[in-house]
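The next block holds one structure in the form of structure tokens; read it before the comments.
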Amino acid sequence: MLLENSGRTPLFAVSTWNICGLDNVHSILGDKSCNKDFLDSINCCDIVILTETWHHNCDFTIPGFKSFIQPPKKLNNLKCGRDSGGLAVLFKEEYAKYIFPLKSESNFLWFKISKELLNTTLDIYTCAAYIPPETSRYFCEDTFETLELDISHFS
């Protein structure tokens, strides 16, 4: 269901949020997937892209939403510390037949929004991305080149 904008064009709300751990028990918000403020914030959106989820479980559920998950990664040579990154694309259940995962890598999660959903002439290709800081051990020099190649591919 698309929202009306003063009778002109439909609105479709997309949000992105660096969540700093979806189920981080050490955070003041705890498990955000059960936090009322978090749920209230995302319920007004049609698509929510979460970065730095640090979440390995591909089965997490938020009522009213479907999801695609890209788990975080941990470098093999690290013995301690948390994982880096992790992505989740949440979208309203009613859009499940219009939104499709296309490609996932450690820091990217590509998905397609069907032209039928937004009543456009072309599908919309979208990338959820988490790019670690340049000073991080998880930063990869090839990140932007990979992203450029993917953009060319999906253009």
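Here this note's numbering runs 3 ahead of the position in the sequence shown, where the first position is 1.
We treat Cβ as the ideally placed atom computed from N, Cα and C, and that holds for glycine.
The structure displayed is predicted, hence computed values, not measured ones.
**OP:** Check each candidate in L120, A99, T146 and Y133 and name the one with the smallest Cα separation from I52.
**Re:** Indexing the sequence shown from 1 puts residue 52 at position 49. The option with the nearest alpha carbon to I52 is Y133.
Original post:
In chain order, which beta strand (DSSP E) runs of at least 3 residues are fully inside the region 78-138?
Top reply: DSSP runs (the beta strand (DSSP E)) wholly in the region 78-138: 90-95, 102-108, 111-116 and 127-132.
Original post:
Would DSSP call N21 helix, strand or coil?
Top reply: In the sequence shown, residue 21 corresponds to position 18, counting from 1. Here N21 sits in strand by DSSP.
**OP:** Go ahead and label D43 buried or exposed: buried means 16 or more other beta carbons lie within 10 angstroms of its beta carbon, across all protein chains shown.
**Re:** In the sequence shown, residue 43 corresponds to position 40, counting from 1. Exposed, since its Cβ has fewer than 16 Cβ neighbours within 10 Å.
Original post:
Which value, in whole angstroms, describes the spacing of the CA atoms of N110 and L90?
Top reply: As a first step, residue 110 is located in the sequence shown; it is residue number 107 there, counting from the start. As a first step, residue 90 is located in the sequence shown; it is residue number 87 there, counting from the start. Computed Cα separation, rounded: 7 Å.
**OP:** State the beta-bridge partners of D34 as determined by DSSP.
**Re:** For this step, residue 34 is matched to residue 31 along the sequence shown. The partner list for D34 (beta bridge, DSSP) reads D26.
Original post:
Between which two residues does the beta strand (DSSP E) containing F15 stretch?
Top reply: For this step, residue 15 is matched to residue 12 along the sequence shown. Counting along the chain, F15 falls outside any beta strand (DSSP E), and DSSP gives it neither H nor E.
Original post:
DSSP beta-bridge partners for T54?
Top reply: Position 51 of the sequence shown, counted from the first residue, corresponds to residue 54. T54 is bridged to N21 and L90.
**OP:** List the whole-angstrom C-beta distance separating L105 from F94, where the pair is believed to meet the contact cut-off of C-beta under 8 Å.
**Re:** Walking along the sequence shown from the start, residue 105 turns up at place 102. Walking along the sequence shown from the start, residue 94 turns up at place 91. With 8 Å as the limit, L105 and F94 do not qualify as a contact, their Cβ atoms being about 14 Å apart.
Subject >> Spatially closest choice to K76 from P135, T149, H156 and K69, by CA coordinates >> reply: Position 73 of the sequence shown, counting from 1, holds the residue named residue 76. P135 is the residue among P135, T149, H156 and K69 whose C-alpha sits nearest the C-alpha of K76.
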